[in-house]
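Here the protein sequences line up with chains P and Z, keeping their order.
For the first sequence, this note's numbering gives the first residue as 121, with consecutive numbering after it.
For the second sequence, this note's numbering gives the first residue as 106, with consecutive numbering after it.
Built from N, CA and C at the ideal position, the CB exists for glycine as well.
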Amino acid sequence: KNEVEQSPQNLTAQEGEFITINCSYSVGISALHWLQQHPGGGIVSLFMLSSGKKKHGRLIATINIQEKHSSLHITASHPRDSAVYICAVWKTGTASKLTFGTGTRLQVTL
Amino acid sequence: DVKVTQSSRYLVKRTGEKVFLECVQDMDHENMFWYRQDPGLGLRLIYFSYDVKMKEKGDIPEGYSVSREKKERFSLILESASTNQTSMYLCASSLLSLAGGADEQFFGPGTRLTVL
Numbered sequence: 121k122n123e124v125e126q127s128p129q130n131l132t133a134q135e136g137e138f139i140t141i142n143c144s145y146s147v148g149i150s151a152l153h154w155l156q157q158h159p160g161g162g163i164v165s166l167f168m169l170s171s172g173k174k175k176h177g178r179l180i181a182t183i184n185i186q187e188k189h190s191s192l193h194i195t196a197s198h199p200r201d202s203a204v205y206i207c208a209v210w211k212t213g214t215a216s217k218l219t220f221g222t223g224t225r226l227q228v229t230l
Numbered sequence: 106d107v108k109v110t111q112s113s114r115y116l117v118k119r120t121g122e123k124v125f126l127e128c129v130q131d132m133d134h135e136n137m138f139w140y141r142q143d144p145g146l147g148l149r150l151i152y153f154s155y156d157v158k159m160k161e162k163g164d165i166p167e168g169y170s171v172s173r174e175k176k177e178r179f180s181l182i183l184e185s186a187s188t189n190q191t192s193m194y195l196c197a198s199s200l201l202s203l204a205g206g207a208d209e210q211f212f213g214p215g216t217r218l219t220v221l
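Structure representation (C-alpha cells):
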C-alpha cells in the first residue's frame, strides 16, 4: 500500500464546478506539498502546509493532521485548470525528501 | 524566481549507450534531486544531493549514478541505458532546512528519455 494515496485518480468536471481532490497518508509528516503538472511535464508548487488552511486565488488547501488527510479544492473551475495534481509529504525524520502520491488527473470541459 | 533547467526536453538513445542528463539551478540551493516519473507510479526518487560531492541513494538508484562537482549542477548518468529506463526524468532543487523541516522543491521542465 502506498504511503500517500490520492483520490480520485481521474476527474472530469464542467467549467464552473467546485472540485475536491483528496490526499490521505499513513506516515508521520512534517509538512505536505500540493503540486500541479501540466501536459508537457513541468511541475509547479501550489501549496506547502503543515496545519489548517491556505488559499491562493481559486485554490484552497486544507490539512487535518489528526486524520492524516488533506484536500485541494478548486472553486469555479476553468479548462485551464486541467492538469495532474500531485500530493507529496515530507515524512518525519527524512528532512528534504518528498514521498509522492500517484496524482489526480483533472479534465475541465466547457 | 528560482529557475531549474534541464539540458534536453526529449532524448532518444540506444540500448547500451551512456547517457548524461544535466540539471542546473540558479538560486544557490543546497539540495538537488533526480526523479523518474512513470504512469501509475508517480515520482520516485533516484538520487539526492545535499552538498557538492555529497550524494544519497533514493528509492530506485539501480542502473544510475550521479555527479555533483559544482553547487548549481547535478548530473544523472545512465552507465548503460536499457529499455526499462525509458521514462520522464525530473530534476528539482530546494534549500537545506537546518531544522530538519520541509523546504519547497522547485522542479525543472523534465526530460523525456526513450531508450530503443
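- With 16 or more other Cβ atoms from the protein chains shown falling within 10 Å of its own Cβ, residue 136 (chain Z) counts as buried.
- With respect to chain Z, the C-beta atom of residue 141 (chain P) has no partner C-beta closer than 9 angstroms.
- In the structure shown, the three-state DSSP call for residue 120 (chain Z) is coil.
- With a 10 Å radius around the Cβ and a threshold of 16 neighbouring Cβ atoms, residue 138 (chain P) comes out exposed.
- Residue range 124-127 is occupied by the beta strand (DSSP E) that includes residue 125 (chain P).
- Contact between residue 172 (chain Z) and residue 180 (chain Z) holds: CB atoms are separated by about 5 angstroms, below the 8 angstroms threshold.
- Residue 134 (chain P) sits in a strand when the DSSP states are folded into three classes.
- Taking C-beta separations shorter than 7 angstroms and ignoring five residues to either side along the sequence, the partners of residue 113 (chain Z) in its chain run 216, following chain order.
- A distance below 8 angstroms between beta-carbons, with the five flanking residues on each side excluded, links residue 211 (chain P) to the following residues of its chain, in chain order: 123, 147, 148, 149, 150, 217, 219.
- One finds nothing in chain P with a Cβ atom closer than 7 angstroms to the Cβ of residue 137 (chain Z); even the nearest lies about 10 angstroms away.
- For the pair residue 214 (chain Z) and residue 110 (chain Z), the CB atoms are nearer than the 9 angstroms cut-off.
- If you compare the alpha carbons of P:136, P:213, P:155, P:145 with that of residue 181 (chain P), the shortest gap goes to P:155.
- Counting the other Cβ atoms within 10 Å of the Cβ of residue 201 (chain Z) gives fewer than 16, which makes it exposed.
- The C-alpha of residue 129 (chain Z) is placed about 31 angstroms away from the C-alpha of residue 174 (chain P).
- In this structure, DSSP gives residue 178 (chain P) a state outside helix and strand, which the three-state scheme calls coil.
- Taking the beta carbon of residue 210 (chain Z) as reference, the chain P residues within 9 angstroms of it are 153, 155, 163, 165, 208, 216, 218, listed in sequence order.
- Counting only runs that start and end inside the segment 176-211 of chain P, the beta strand (DSSP E) elements of at least 3 residues fall at 179-184, 189-194, 203-211.
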